[in-house]
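Below: one structure, written as structure tokens.
Numbering (our numbering), first residue to last: 10 to 86.
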């Protein structure tokens, strides 16, 4: 089942399937290793819900959920 990363919840593991070229953070996310095929997990959502802490390739990064719109991932079971 595909989900948009802006909708991910803590504890969910997923594999990135698509990062649109129109995403302004695409280059920066690629520098952190977020490319199609990368497995990640949501570790934490801020109390207001505007930031998501994602763990990928042994690193935890915080990203605004609005910047995750359009990035799709396949949920791991």
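Note that CB positions come from ideal geometry on N, CA and C, so glycine has one too.
A quick note: this is a predicted structure, and the numbers were derived from the prediction, not measured.
Counting only runs of 3 or more residues that sit fully inside the segment 35–76, the beta strand (DSSP E) segments are 48–54, 60–65, 68–73, in chain order. Shortest Cα-Cα distance from residue 67 to any of 51, 78, 27, 26 involves 51. Within the DSSP bridge table, the entry for residue 32 names no partner. Membership of residue 13 in the beta strand (DSSP E) is indicated by the continuous run 11–13.
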